[in-house]
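First the structure, in the form of structure tokens, and then the observations on it.
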Amino acid sequence: MILSGAHCDELSDAEIIRKSLEQVDYFSCLYLRYGPRLLQYIQRISSYTPEEAEDLLQEAFIKIWKNLNAYQPSLKLSSWLYRIVHNHVISTWRKQHGQDMTYTLTWDDRLPEDLAEDLEYDDADEDRMSRLRRAVQALPDKYQEVVTLKYFEEMNYEEISDVLKIPEGTVATRLNRARQMMAKFCNKSLTKTNTDGPRR
Numbered sequence: 001m002i003l004s005g006a007h008c009d010e011l012s013d014a015e016i017i018r019k020s021l022e023q024v025d026y027f028s029c030l031y032l033r034y035g036p037r038l039l040q041y042i043q044r045i046s047s048y049t050p051e052e053a054e055d056l057l058q059e060a061f062i063k064i065w066k067n068l069n070a071y072q073p074s075l076k077l078s079s080w081l082y083r084i085v086h087n088h089v090i091s092t093w094r095k096q097h098g099q100d101m102t103y104t105l106t107w108d109d110r111l112p113e114d115l116a117e118d119l120e121y122d123d124a125d126e127d128r129m130s131r132l133r134r135a136v137q138a139l140p141d142k143y144q145e146v147v148t149l150k151y152f153e154e155m156n157y158e159e160i161s162d163v164l165k166i167p168e169g170t171v172a173t174r175l176n177r178a179r180q181m182m183a184k185f186c187n188k189s190l191t192k193t194n195t196d197g198p199r200r
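Per the numbering used here, the sequence shown starts with residue 1, numbered consecutively.
See the structure below:
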């Protein structure tokens with residue numbers, strides 16, 4: 001049975017899970033609903049090529065299928081999916097390279113407005129936003145993780161906690177520290193730019 005996107009749209013997450021366990025064709029609804037977001041997430045946090053990212057996503061969905069019975073409805077489905085994909089990307093990198101993956105946060109679109117607002121930045125100021133981009137990319141990995149999930153994947157503290165399996169208090173602490181580091185980086189960049197200035 002081939003399911004259309006329109007048919008899948010009529011189903012809740014819980015219905016997709018239940019029906020997938022009864023009939024495998026419904027599992028495609030899960031991929032249609034979450035696949036594009038998860039693929040973008042893989043490409044955003046890693047240096048894998050688009051083709052490699054697609055392969056990783058397929059492998060992660062095989063893991064998701066195999067563990068579908070273990071899904072607990074008390075956990076938001078998207079958080080559970082992100083956790084599996086996140087862990088698969090990191091573990092695959094470690095196996096391939098013999099070391100932990102270093103975040104290479106990239107994006108093609110504009111910075112999220114709420115990130116600029118939290119740092120009191122005018123997102124119409126391209127020069128300041130360019131510095132903020134560099135500030136995000138300069139963050140240590142554990143801070144890039146929470147910034148990515150909060151501002152780019154639009155998750156709340158509870159969801160981030162579920163994905164990374166860390167306490168919500170730790171999420172809040174890391175986000176606050178990340179904002180401080182980004183603000184400091186941007187101020188240093190601004191000071192350096194003003195100091196260097198055009199030479200006569």
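Beta carbons are placed, not taken as given, at the ideal position from N, Cα and C, and that holds for glycine. Since the structure is predicted, the reported quantities are computational estimates derived from the model, not experimental observations.
>> Going by C-alpha to C-alpha distance, which of 94, 147, 132 sits closest to residue 174?
In response: 147
>> Helix, strand or coil, according to DSSP, for residue 166 in the structure here?
In response: coil
>> Tell me which residues share the same chain as residue 10 and place their Cβ nearer than 7 Å to its Cβ, disregarding the 5 neighbours each side in the sequence.
In response: none
> Looking only at its own chain, which residues have a Cβ that is under 6 Å from the Cβ of residue 60, when we skip the five neighbours before and after it?
Replying inline: 84, 85, 88
> Rounded to whole angstroms, how far is the Cβ of residue 163 from the Cβ of residue 79, which I believe are closer than 8 Å?
Replying inline: 5 Å
> Helix, strand or coil: how does DSSP classify residue 126 here?
Replying inline: helix
> Between which two residues does the alpha helix (DSSP H) carrying residue 36 extend?
Replying inline: 27-45
> Three-state secondary structure (DSSP) at residue 116?
Replying inline: helix
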